[in-house]
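If you're matching them up, the sequences are chains A and B in order. Under the numbering used here, the residues of the first sequence are numbered 1 to 553, in order. Under the numbering used here, the residues of the second sequence are numbered 1 to 509, in order. Backbone N, C-alpha and C define an ideal beta-carbon position, used for all residues, glycine too.
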Amino acid sequence: MQTSLLVISIALKVLLYPTYHSTDFEVHRNWLAITHSLPLSKWYIENTSEWTLDYPPFFAWFEKFLAFFAAKVDPKIVQVDNLNYDTWITVYFQRTTVIVTELVLFWALQRLLKVMGNRPLQKILNWSLMLNPGLLMVDNMHFQYNGFLYGILVHSLVDAKQGNLLRSGILFAALLNFKHIFLYISLPYFAFLLRAYCFENSGNSIRARSWISAFRPFHLLALGLSVIAVFALSLGPFVALDQLPQLAGRLFPFKRGLCHSYWAANFWAIYSFVDRVLIIVVSKFPLLGQYLNLSLDPSALAATTRGLVGDTAFGVLPTVTAQHTLILTLLLQIPGFVAVFRRPTFDRFIGSIVLSAFASFLAGWHVHEKAILLCTVTMTVALANQLGATPNSGAGALADLRSSSSALTPRDVRAFMIVSLAGYIGLWPLFFTREETPIKVLITVLWFIIVGSGLDQCIPKPLNASPSSSAIGKSMLRYFTTLERLYVFGCVPVQLYVNVIHEALFGLETLAFLPLMITSVYAAVGVIYGWLLYSASYFSPSKVALDKKKKLR
Amino acid sequence: MALKTKAHHQSSNHSSVATSIKTLKLNLSVFKYSTWLDENQLRRTGPWIAVGIAVLLRWAVSLGPYSGMASPPRFGDYEAQRHWMELTLHRPVREWYSDSSKWWDLDYPPLTAYVSLICAYIGNMISPEWFAWKSSRGYESIEAKLYMRSTVLFLELAVYFTSIFAFTARWFSKQNWTHQHTALVLILIQPGIILIDSGHFQYNTVMLGLVVWSVNCFLDDQDVLGSVFFCLALGFKQMALYFSPAVFAYLLGKSIRQGFFGCIWKLIKLGSTVILTLGLLFAPWSHTLPDILQVLHRIFPVFRGLYQDKVANVWCAVNVVVKLREMFDIKQLVRFSTATTMLAFLPSTVMLLARPTKRSLLYGMVNTSLSFFLLSFQVHEKSILIPALPITLLILDEPAVGSLFITSATFSMFPLLRQEGLVTPYLVLMGLWIWLTAGAFKGTPTLLSGFAIANIFIIFSMHMAEFLIPLPLAKYPDIYSVLNALWNAACFVVFWIYYNHRQYRQYCQ
Chain A
1 MQTSLLVISI
11 ALKVLLYPTY
21 HSTDFEVHRN
31 WLAITHSLPL
41 SKWYIENTSE
51 WTLDYPPFFA
61 WFEKFLAFFA
71 AKVDPKIVQV
81 DNLNYDTWIT
91 VYFQRTTVIV
101 TELVLFWALQ
111 RLLKVMGNRP
121 LQKILNWSLM
131 LNPGLLMVDN
141 MHFQYNGFLY
151 GILVHSLVDA
161 KQGNLLRSGI
171 LFAALLNFKH
181 IFLYISLPYF
191 AFLLRAYCFE
201 NSGNSIRARS
211 WISAFRPFHL
221 LALGLSVIAV
231 FALSLGPFVA
241 LDQLPQLAGR
251 LFPFKRGLCH
261 SYWAANFWAI
271 YSFVDRVLII
281 VVSKFPLLGQ
291 YLNLSLDPSA
301 LAATTRGLVG
311 DTAFGVLPTV
321 TAQHTLILTL
331 LLQIPGFVAV
341 FRRPTFDRFI
351 GSIVLSAFAS
361 FLAGWHVHEK
371 AILLCTVTMT
381 VALANQLGAT
391 PNSGAGALAD
401 LRSSSSALTP
411 RDVRAFMIVS
421 LAGYIGLWPL
431 FFTREETPIK
441 VLITVLWFII
451 VGSGLDQCIP
461 KPLNASPSSS
471 AIGKSMLRYF
481 TTLERLYVFG
491 CVPVQLYVNV
501 IHEALFGLET
511 LAFLPLMITS
521 VYAAVGVIYG
531 WLLYSASYFS
541 PSKVALDKKK
551 KLR
Chain B
1 MALKTKAHHQ
11 SSNHSSVATS
21 IKTLKLNLSV
31 FKYSTWLDEN
41 QLRRTGPWIA
51 VGIAVLLRWA
61 VSLGPYSGMA
71 SPPRFGDYEA
81 QRHWMELTLH
91 RPVREWYSDS
101 SKWWDLDYPP
111 LTAYVSLICA
121 YIGNMISPEW
131 FAWKSSRGYE
141 SIEAKLYMRS
151 TVLFLELAVY
161 FTSIFAFTAR
171 WFSKQNWTHQ
181 HTALVLILIQ
191 PGIILIDSGH
201 FQYNTVMLGL
211 VVWSVNCFLD
221 DQDVLGSVFF
231 CLALGFKQMA
241 LYFSPAVFAY
251 LLGKSIRQGF
261 FGCIWKLIKL
271 GSTVILTLGL
281 LFAPWSHTLP
291 DILQVLHRIF
301 PVFRGLYQDK
311 VANVWCAVNV
321 VVKLREMFDI
331 KQLVRFSTAT
341 TMLAFLPSTV
351 MLLARPTKRS
361 LLYGMVNTSL
371 SFFLLSFQVH
381 EKSILIPALP
391 ITLLILDEPA
401 VGSLFITSAT
411 FSMFPLLRQE
421 GLVTPYLVLM
431 GLWIWLTAGA
441 FKGTPTLLSG
451 FAIANIFIIF
461 SMHMAEFLIP
471 LPLAKYPDIY
481 SVLNALWNAA
491 CFVVFWIYYN
501 HRQYRQYCQ
């Protein structure tokens, strides 16, 4: 048990009670009310509040469970028409439920520690996940239940690592029925479970003629039936009520635009940014526009300047539709999918989950900035897994080829740190009140320094390093390239401008979208870079070469 | 290379352990964390992390309510501080202490007033309505709160944090880095200071930081500079007087040891420093005698009575049985309390005078300030922060008792904090403190750990009782505050005995 971690995380999270909570707080209060006061048939129909229930049924049941206690604490919480009710007792109650349900994550992390090897570095990863600035900001300030949901995900991943593939599959199916955002990573799950559970798994690729002999029909049956049972449990009642289309309409609101209220740090942020720049170029220098054969769509001019929710219109670049994003997302997921299908090891599985999360975050339709958590959380598990494969410094002789092929490399750590930093800074605009600025900055910077320094240990120190090397050479940034260091330090002036200087120069009203755009684009650059770095690590030729060597044996 | 540095560390550890006064085997979790930092060569990053965590805690607490928030007509300490900014900004200096607007008279010494003026000047540039004359009385807004909170934090960083860094570097110079860092972290997360300054709203850390700076100078044998800092502390908040007998005895004791002429020269130096510093601070009011008297009358408000509200000192405890305030008039009470206070700090000052070592200076500061808290006239519950300061500084010299004292001190301020809606941060910081220092009780005598457990049990049951049977009770309207004051007064008396005993042991060595 990591009691210290538990105590400190609870202490910090309770201290954050009085921080700003967003409309998501009212969203969840409203869901408490809907699930408690209304019959099942009204759950997905009810629309007194604009924050209708748009999570899958299991989450609704989860809210109903919480509402049981809410009604005891204060019956007014669960009144459907009691909109925007946020007395301090409501805030305390709901914030407490977040902390209590987050214990699922803590439990999962304890299992992770047991399964992946209980070493100091893995403990650091546990700390880094439990006191993750992303989770702190989104769950304990902004208000959501991600800690609980990611707890289930980690449980499922740990089961997969242990070889309890059926339980892993069931947990994941249940997770999908808690929050459908996890569809983002369902492809690798599908590939892994199908290949590793439903076929004889010798760890190597199967030749074409032995596919049939390797097939295990009972496993397929068991897995298929369990997953269907989970879905039936969740969706069955609504099928019986003939509400499935209504439910689907709530869960997948494709009427929303390409980008969220402010741009998530993904491809489309860059795309929109380029479009903005081109609009300015074309309108300022029409001749240049004509020369480049660019035309300006006048209707887009007014629409995108504020970046509000709704259909994002582009002024110069071609419009992106939902189909485009879907195809792109799938295309980006295919390499990982194939890798898992060819050789279904856990190392490949967890890596391809990370890549799927990235693909969906970077190219998806109407992606929330909070979805970055999917990338960072799964990356943490991947790192823990790689750490488990890294030989102990003392027992280097025992290190076999397999372990060194999946061992943690500086590249993975760099990718993780940069994606985390960029992604969490991308969450900062969620808190626009000045009081929260020191908190969001401090938790992110502290996390970056502590986890960065901690993970630095896993990289073997060079024996020939001169003792008089520079400060950078000794710090945790020593493995970062110059460009990466520039990016990390560049965050300081950029965020200084966004949080302080911009307001001092222009006030709150003029060019309100500029700071948001700067944050999104800067973060997008980091996330995309980290994704490329991680992909390079995942598909690195050295790994392939090692695999080949092994095959030759 | 890594191995080499490790070996080097170990050898340096050995040598420092050999030279240090006593080897501490620390079971503190903070110590483990410091060791982790040390093992990973994060000595340079560690302090930044510590500051980051300390600021994070302070800022999280400061998001909560402050003293007198949204409670007209008089509001609270926040309004007092804000009004002083308004007053100093709009009135000429001569009128600061004679302004009779009957709204939170300025009753702190001049340095507070000057600092208020600076804060008001900057704040006035941001938004004039925060400190507008008369119209801003009781002014509350999120922006104003944010500004006021940041002035506290900024001053704390500039004065208190720096002083603690300098102190730990000096105090643990002969021990290894891990000890120094453990002390730094523990001192910076001491709950009482966070709750009062960042929660309740006061500028205690400026005074406390100046006192620590003067201690730093004394540790460096820079006695003149040290007394300048001490006078500045006095000039910021008169409560620094609680330390003055110890500081005076220490300096006098040191002077005596320098031979006849050396002694006289040193005394002249110190005396003129004190007079000059205080003279400069009080210069604007020193033209006429009535002016000075007016300032002094404001700063030492004897007319307010023996004690305020419920405070965990001897008088308040005795008052439960014997109604002192009805038996004697104020003048008698002043004389009586002054006499007993002097009697209480006499032993520690005499010991300090006889052997003015640096270690006993800190013990002396504990004992004199605790004597003042227990027995002097007009004590606030927040004044427990003053004895808590040297006890916090000695946290690694007396880890178990220090932890216990801070727990009691924080608990003794609970009635105040509850009134202001700071129960949640109180519970969190108190729990964190108890948990982080619990390891200190491993291997201590049974009596001590038993006392600690009993103390926590009593604190817990009092909180539970108050939670289950909320006030007001018809028969005993302030039963919980009285019980709190009684228990803590008893504890503080025990602590007074203990620290006197410890000082005596120092003296005998």
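- Shortest Cα-Cα distance from A465 (chain B) to any of B:T273, B:A166, B:L483 and B:A454 involves B:L483.
- Under the Cβ criterion of 8 Å, I49 (chain B) is counted among the residues facing chain A.
- Comparing C-alpha distances from R58 (chain B) to each of B:I164, B:K269 and B:I194 shows the shortest one belongs to B:I194.
- At a cut-off of 8 Å, the C-beta of A504 (chain A) has no neighbouring C-beta in chain B.
- Using a 10 angstroms sphere on the CB of L362 (chain A), the tally of other CB atoms reaches 16 or more, which defines it as buried.
- In the DSSP assignment, V367 (chain A) is bridged to A:C259.
- Leaving aside the five residues that flank F448 (chain A) on each side, the residues in its chain whose CB is nearer than 6 Å to its CB run, in chain order, L421.
- Distance from I34 (chain A) to V73 (chain A) at the Cβ level is roughly 17 Å; contact not present, criterion being Cβ atoms closer than 8 Å.
- Closest option to L387 (chain A), judged by alpha-carbon separation, among A:G364, A:L373 and A:V413: A:V413.
- Contacts between P425 (chain B) and chain A, judged by CB atoms closer than 8 Å, involve L15 in chain order.
- Contact annotation: N30 (chain A) and W61 (chain A) have beta-carbon atoms that are not nearer than 8 Å.
- DSSP assignment within the region 356-432 of chain B yields the following whole alpha helix (DSSP H) runs of 4 residues or more, N-terminal first: 358-375, 385-393, 399-412 and 414-419.
- Under the Cβ criterion of 8 Å, T368 (chain B) is not counted among the residues facing chain A.
- Between Q333 (chain A) and L355 (chain A), the C-beta gap is smaller than 8 Å, which places the two residues in contact.
- Under the Cβ criterion of 8 Å, T19 (chain A) is counted among the residues facing chain B.
- Look at the region 180-203 of chain B: it has no residue with a C-beta under 8 Å from a C-beta of chain A.
- Within the same chain, I189 and P191 come within 8 Å of L432 (chain B) by CB-CB distance, once the 5 residues on both sides are set aside.
- In the assembly as shown, H287 (chain B) is an exposed residue. Its beta-carbon has fewer than 16 other beta-carbons within 10 Å.
- Per DSSP, reduced to three states, the secondary structure at F148 (chain A) is helical.
- Residue-level contact by beta carbon fails for V138 (chain A) and chain B, as no gap is shorter than 8 Å.
- According to the DSSP assignment, K284 (chain A) belongs to the alpha helix (DSSP H) that extends over F267 to K284.
- For F215 (chain A), the pairing in a beta bridge is given by DSSP as A:F199.
- Membership of D24 (chain A) in the alpha helix (DSSP H) is indicated by the continuous run T23 to S37.
- Rounded to the nearest angstrom, the gap between the Cα atoms of S376 (chain B) and E369 (chain A) is 59 Å.
- When only Cα atoms are considered, Y476 (chain B) and P110 (chain B) end up about 41 Å apart.
- The three-state reading of DSSP puts N84 (chain A) in coil, since its state is none of H, G, I, E or B.
- For the set A:E436, A:T376 and A:A71, the Cα lying nearest the Cα of T90 (chain A) is the one of A:A71.
- With respect to chain A, the C-beta atom of I330 (chain B) has no partner C-beta closer than 8 Å.
- In this structure, the CA atom of T437 (chain B) is about 29 Å from the CA atom of L112 (chain A).
- Here L131 (chain A) has S9 as same chain residues with Cβ atoms under 6 Å from its own Cβ, once five neighbours each way along the sequence are excluded.
- In the pairwise beta carbon analysis, the region 253-268 of chain B is classified as not touching the region 412-421 of chain B: fewer than three pairs are separated by under 8 Å.
- Under the Cβ distance rule, I53 (chain B) counts among the residues neighbouring chain A, one pair being separated by less than 8 Å.
- When the beta-carbon positions are compared, D54 (chain A) and L251 (chain A) come within less than 8 Å of each other.
- Around N40 (chain B), the beta-carbon contacts reaching into chain A at under 8 Å are S453, G454, D456 and Q457.
- Residue ranges of uninterrupted beta strand (DSSP E) with 3 or more members are absent from the region 336-368 of chain A; none lies entirely inside it.
- At a beta-carbon threshold of 7 Å, the residues of chain B lying near S4 (chain A) are S29, ordered along the chain.
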